[in-house]
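Participant:
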Amino acid sequence: MSESVPVERVRNIGIIAHIDAGKTTVTERILFHTGITYKIGDVDAGTAVMDWMAQERERGITITAAATTTTWNDHQINIVDTPGHVDFTVEVERSLRVLDGGVVVFDAVAGVQSQSETVWRQADRYHIPRICFVNKM
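So in our numbering, the last spot in the sequence shown is 287, and the numbers never skip.
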């Protein structure tokens with residue numbers, strides 16, 4: 151955003167879930183539909199904007215939390231795409247401390263998985279309000 155946005159119109163939103171639930175895919179679509187990107191990035195093709203590390207692109211998973219900014223209805227929305235793999239849980243924990251809200255992505259095919267429950271409890275610990283997004287329907 152080029153102009154200054156009052157702090158009361160800034161929101162920090164985290165995308166959290168189990169590995170392969172579709173967090174980065176959802177984030178890539180948000181970026182596309184809000185006009186930040188001109189093409190939807192694809193995790194499997196290695197073109198996801200949010201997976202910026204070479205290792206992430208090679209493995210097809212998010213390793214470090216990545217933040218970006220978009221706008222919606224005169225609000226600045228800072229989106230934090232978090233890893234879903236259990237080995238990178240500390241990245242989710244670190245991100246939750248700055249969030250105003252979270253989008254918990256659930257895989258409609260796989261259902262609620264262990265890391266889904268872990269990130270839910272982490273969000274409870276920081277009193278993060280959440281909405282659920284059911285993906286892969």
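Where a beta carbon is used, it is the ideal one built from N, C-alpha and C, also for glycine.
Nearest by alpha-carbon distance to R159: which of W222, T268, D274, Q265 is it?
Facilitator: The residue you call residue 159 lines up with position 9 of the sequence shown. The candidate whose alpha carbon is nearest that of R159 is W222.
Participant: Using the C-alpha atoms, what's the distance from I229 back to T218?
Facilitator: Position 68 of the sequence shown, counted from the start, is the residue given in the question as residue 218. Position 79 of the sequence shown, counted from the start, is the residue given in the question as residue 229. Taking the straight line from one Cα to the other gives about 5 angstroms.
Participant: Going by beta carbon distance, what residues of the same chain come within less than 6 angstroms of A215, once the five residues before and after it are set aside?
Facilitator: Taking the first residue of the sequence shown as 1, we reach residue 215 at position 65. Taken in chain order, the residues that qualify are V230, T232, E241, S245.
Participant: Going by alpha carbons, who is nearest to V236 out of F283, V176, Q263, A258?
Facilitator: Locating residue 236 in the sequence shown gives position 86, counting from the first residue. Of F283, V176, Q263, A258, the residue nearest in Cα terms is Q263.
Participant: By DSSP's criteria, D257 is part of a beta bridge. Which residues make up the other side?
Facilitator: The residue given as residue 257 occupies position 107 in the sequence shown. Answer is G261, N285.
Participant: Give the straight-line distance between the Cα atoms of I186 and W270, rounded to the nearest whole angstrom.
Facilitator: Counted from its first residue, the sequence shown places residue 186 at position 36. Counted from its first residue, the sequence shown places residue 270 at position 120. Each residue's Cα considered, the two are about 29 angstroms apart.
Participant: Output the residue ranges of the alpha helix (DSSP H) runs that lie fully inside the region 170–239 and measure 4 residues or longer, sorted by chain position.
Facilitator: Listed in chain order, the complete alpha helix (DSSP H) runs (minimum 4 residues) inside the region 170–239 are 173–183, 204–209.
Participant: Go through its chain and collect everything with a Cβ distance to R179's Cβ below 8 angstroms, but skip five positions before and after it.
Facilitator: To locate residue 179, count along the sequence shown from 1; it is residue 29. Contacts found: I190.
Participant: From what residue to what residue does the beta strand (DSSP E) around V160 run?
Facilitator: For the purposes of this step, residue 160 is taken as residue 10 along the sequence shown, with counting starting at 1. Unbroken beta strand (DSSP E) run through V160: 160–167.
Participant: What residues match up with R244 in a beta bridge as DSSP calls it?
Facilitator: Here the question's residue 244 lines up with position 94 in the sequence shown. Per DSSP, none; premise fails for R244.
Participant: On a Cα-Cα basis, can you pick out the residue from G234, T220, I278, V284 that is closest to H183?
Facilitator: As a position in the sequence shown, residue 183 is number 33, starting the count at 1. Among G234, T220, I278, V284, the Cα nearest to that of H183 is on T220.
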